[in-house]
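Engineer: Position in the sequence shown (from 1) plus 5 gives the number in the numbering used here.
Idealized CB from N, CA, C, for every residue including glycine.
Computed from a prediction, not measured in an experiment: that's the story for all the values here.
Take this structure first; my questions come after.
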Amino acid sequence: MIRFLHTADLHLDSPFKGITDMPISRLTELRESTFAAYENLIQYAEKSVPDFVLIAGDIYDGEDRSLRAQMRFVKGLERLQQAGIPVFMSYGNHDHLGGKWTRFQLPGNVTVFGPEVETAELTVRGQRVRIHGFSYKERHIKEAMIGHYPNSARDSGIVDIGMLHGSIAGEESHAVYAPFTREALLEKGYHYWALGHIHKRQVLHNEPPIVYPGNLQGRHRNERGVKGFYEVELEGNEASLKFVPTSVLVFDEIEIDCTEMSHANEWLTACQNAATEVMERTGACILSVRNIKMSPEASHLFSGSSNEEWLEVLRESADRGIWFSGLQFEENKKSALLPDSPLVRSVKEQIDSWDDEDWKQALQDVYQHARSGPYLSALTAEMKKELSDEAGKLISNELST
């Protein structure tokens with residue numbers, strides 16, 4: 006059996022752009038969080054002493070990596086060297102080899118993959134292990150680098166592990182670099198694929214594992230939930246994965262049901278209770294609040310003060326360890342007050358008076374479209390009512406902006 010740690014996307018010294026309204030002490034904690042998460046990784050490795058550590062790209066947040074970030078990273082690697090732990094790493098699109106920086110010499114336990122796909126080899130208790138990977142020579146690697154990886158040597162009893170900082174071809178949630186398909190990875194016959202680049206933790210395939218560990222520390226509200234790395238055990242064709250959390254601050258969102266909300270203290274209590282549940286589960290957190298199912302009473306309640314004032318009061322009532330970053334509403338809170346405005350009523354009455362010919366005239370561009378037309382069903386009375394209601398909502402929203 007071999008045991009290793011798989012991490013990626015450390016983004017050390019991330020600037021956390023756009024977050025400026027925190028108290029200095031909380032903002033300092035946030036800006037130190039990527040280093041604190043990295044420290045959690047190093048401490049775990051020192052205690053558990055894995056056979057090796059894989060770091061699959063984006064160690065730093067930018068190509069002009071700071072001296073501070075490099076120094077902190079190297080000190081962690083030196084501690085792993087003292088513990089006798091080899092490290093295999095690659096640079097990704099954020100910290101590519103073409104960047105300009107003052108280089109620190111890395112300790113002797115570290116193997117860095119170059120701009121072409123390379124293979125490093127080590128022996129773990131008599132078991133030969135080959136690790137394949139590459140570093141980005143520049144920020145934008147559009148080539149499907151998977152074609153340069155060698156095929157597995159399974160017949161010879163060697164364990165093959167691939168490291169790849171990239172994304173699935175056609176994936177639109179993240180910039181697509183070094184694109185690949187699951188099928189292309191599986192064709193290589195490797196025992197494990199250690200991926201990086203996508204900050205959401207996910208296992209793309211189980212046997213063999215194709216894994217994104219996500220980043221070590223969330224950096225904004227779109228990187229929600231607990232972050233960390235994987236501890237992996239391989240024995241023959243069997244794999245066992247254990248997720249190890251490292252994030253010191255967790256970004257998340259709470260939803261507040263405003264169906265029967267009519268008083269400010271009711272809303273504050275609901276927010277506090279929901280936030281406490283998150284903190285008990287994840288630790289210190291930065292939360293956005295989404296208010297859903299807005300009743301007329303709730304809309305009237307929130308219309309009395311600005312979002313900034315509601316947020317300020319919410320922050321003052323928060324427990325230590327909780328920071329509220331913003332408020333959102335399921336629909337424009339002002340528009341809920343305008344469903345019966347004269348203009349909306351007039352438009353809806355006009356639409357409701359249409360006969361079949363009027364509807365055909367209004368929708369002729371849609372139904373006569375060469376691509377969409379053949380697939381559209383006949384317009385029913387229910388569909389007409391839905392369209393009328395939607396038109397009213399659109400006008401209400403425009404009036405409220």
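I need the straight-line Cα distance from D66 to F78, nearest angstrom please.
Structural biologist: Numbered from its first residue, the sequence shown carries residue 66 at position 61. Numbered from its first residue, the sequence shown carries residue 78 at position 73. When rounded, the distance between both Cα atoms is 12 Å.
Engineer: Name the two residues that bound the continuous alpha helix (DSSP H) containing P301.
Structural biologist: Looking up residue 301 in the sequence shown gives position 296. P301 to S308 is the extent of the alpha helix (DSSP H) around P301.
Engineer: How many angstroms separate the CA atom of L316 from the CA atom of H99?
Structural biologist: What you label residue 316 is simply residue 311 of the sequence shown in a count that begins at 1. What you label residue 99 is simply residue 94 of the sequence shown in a count that begins at 1. Rounded to whole angstroms, L316 to H99 spans 34 Å at the Cα level.
Engineer: Start and end of the beta strand (DSSP E) containing W198?
Structural biologist: In the sequence shown, residue 198 corresponds to position 193, counting from 1. From DSSP, the beta strand (DSSP E) with W198 extends over Y197 to G201.
Engineer: Which of the three DSSP states, helix, strand or coil, is assigned to I215?
Structural biologist: The residue given as residue 215 occupies position 210 in the sequence shown. Three-state result, I215: strand.
Engineer: Counting along the chain, where does the beta strand (DSSP E) carrying F21 start and finish?
Structural biologist: Position 16 of the sequence shown, counting from 1, holds the residue named residue 21. From DSSP, F21 is part of no beta strand (DSSP E); its letter is neither H nor E.
Engineer: Which runs of the alpha helix (DSSP H) at least 4 residues long sit entirely within the region 248–298? Give them in chain order.
Structural biologist: As far as the region 248–298 is concerned, its whole alpha helix (DSSP H) runs of at least 4 residues are 269–287.
Engineer: Between L319 and C276, is the Cβ-Cβ spacing less than 8 Å?
Structural biologist: Here residue 319 refers to the residue found at position 314 of the sequence shown. Here residue 276 refers to the residue found at position 271 of the sequence shown. Cβ atoms of L319 and C276: closer than 8 Å.
Engineer: According to the neighbour-count rule (16 or more other Cβ atoms, all chains shown, within 10 Å of its Cβ), is A61 buried or exposed?
Structural biologist: Locating residue 61 in the sequence shown gives position 56, counting from the first residue. The residue in question, A61, is buried, as its Cβ has 16 or more Cβ neighbours within 10 Å.
Engineer: For the region 136–212, list the beta strand (DSSP E) runs that are entirely contained and at least 3 residues long, ordered along the chain.
Structural biologist: Taking only runs of at least 3 residues, the beta strand (DSSP E) segments lying wholly in the region 136–212 are 164–170, 197–201 and 207–210.
Engineer: Note down, in chain order, each residue of its chain lying with its Cβ closer than 6 Å to the Cβ of E83, except the 5 sequence neighbours on either side.
Structural biologist: As a first step, residue 83 is located in the sequence shown; it is residue number 78 there, counting from the start. So the list reads P112, once near-sequence residues are dropped.
Engineer: In this structure, does DSSP put Y49 in helix, strand or coil?
Structural biologist: Residue mapping note: residue 49 aligns to position 44 of the sequence shown, counting from 1. Helix, per DSSP.
Engineer: On the DSSP bridge list, what partners appear for H11?
Structural biologist: If you number the sequence shown from 1, residue 11 lands on position 6. Looking at the DSSP assignment, H11 forms a beta bridge with L59 and Y235.
Engineer: Comparing C-alpha positions only, which one of Y195, P28, L32 and L190 sits nearest to D18?
Structural biologist: As a working note, residue 18 is residue 13 in the sequence shown. Nearest option by C-alpha distance: L32.
Engineer: Report yes or no: do the region 264–284 and the region 239–254 share at least 3 C-beta pairs separated by less than 8 Å?
Structural biologist: Verdict: no, contact absent.
Engineer: Suppose contacts are defined by Cβ-Cβ distances below 8 Å. Is T116 in contact with F93 by that definition?
Structural biologist: Working through the sequence shown from its first residue, we reach residue 116 at position 111. Working through the sequence shown from its first residue, we reach residue 93 at position 88. The answer is yes: Cβ separation under 8 Å.
Engineer: Am I right that S71 and V253 are in contact with their C-beta atoms under 8 Å? What's the rounded C-beta distance?
Structural biologist: Here residue 71 refers to the residue found at position 66 of the sequence shown. Here residue 253 refers to the residue found at position 248 of the sequence shown. The Cβ separation is near 20 Å, so there is no contact.
Engineer: Going by CA-CA distance only, name the one from R325, F329, H305 and P301 that's closest to E313.
Structural biologist: For the purposes of this step, residue 313 is taken as residue 308 along the sequence shown, with counting starting at 1. Cα-wise, what sits closest to E313 is F329.
Engineer: To the nearest angstrom, report how far apart W106 and E68 are at their CA atoms.
Structural biologist: Working through the sequence shown from its first residue, we reach residue 106 at position 101. Working through the sequence shown from its first residue, we reach residue 68 at position 63. Rounded to whole angstroms, W106 to E68 spans 8 Å at the Cα level.
Engineer: Counting beta carbon pairs with one atom in the region 47–64 and one in the region 291–308, are three or more of them shorter than 8 Å?
Structural biologist: No, they do not touch.
Engineer: Using 8 Å as the threshold, is the region 217–224 in touch with the region 178–195, meaning 3 or more CB pairs across them?
Structural biologist: Flag = no, the region 217–224 and the region 178–195 do not touch.
Engineer: Using the Cβ count rule (16 or more neighbours within 10 Å means buried), how would you classify Q75?
Structural biologist: For the purposes of this step, residue 75 is identified with residue 70 of the sequence shown, where counting begins at 1. Classification of Q75: buried, given that the 10 Å Cβ count is 16 or more.
Engineer: Tell me the residue span of the alpha helix (DSSP H) that contains E34.
Structural biologist: Looking up residue 34 in the sequence shown gives position 29. Unbroken alpha helix (DSSP H) run through E34: I29 to R36.
Engineer: Span of the alpha helix (DSSP H) holding A125?
Structural biologist: For the purposes of this step, residue 125 is taken as the residue at position 120 of the sequence shown. A125 -> not in any alpha helix (DSSP H); beta strand (DSSP E) instead, spanning E123 to V129.
Engineer: Excluding the 5 residues preceding and the 5 following L15 in the sequence, name in chain order all residues of the same chain whose CB lies nearer than 6 Å to its CB.
Structural biologist: Residue 15 sits at position 10 when you count from the first residue of the sequence shown. Counting only Cβ-Cβ distances below 6 Å, and skipping sequence neighbours, we find Y43, I64 and L221.
Engineer: Going by beta carbon distance, what residues of the same chain come within less than 6 Å of M266, once the five residues before and after it are set aside?
Structural biologist: In the sequence shown, the residue the question calls residue 266 occupies position 261. Correct list, in chain order: W272 and A303.
Engineer: With H, G and I counted as helix, E and B as strand and the rest as coil, what does DSSP make of E335?
Structural biologist: Here residue 335 refers to the residue found at position 330 when the sequence shown is read from its first residue. E335: coil per DSSP, three-state reduction.
Engineer: DSSP three-state label for T39, please.
Structural biologist: Sequence index remark: in the sequence shown, residue 39 carries index 34 (1-based). If DSSP states are grouped into helix, strand and coil, T39 belongs with the helices.
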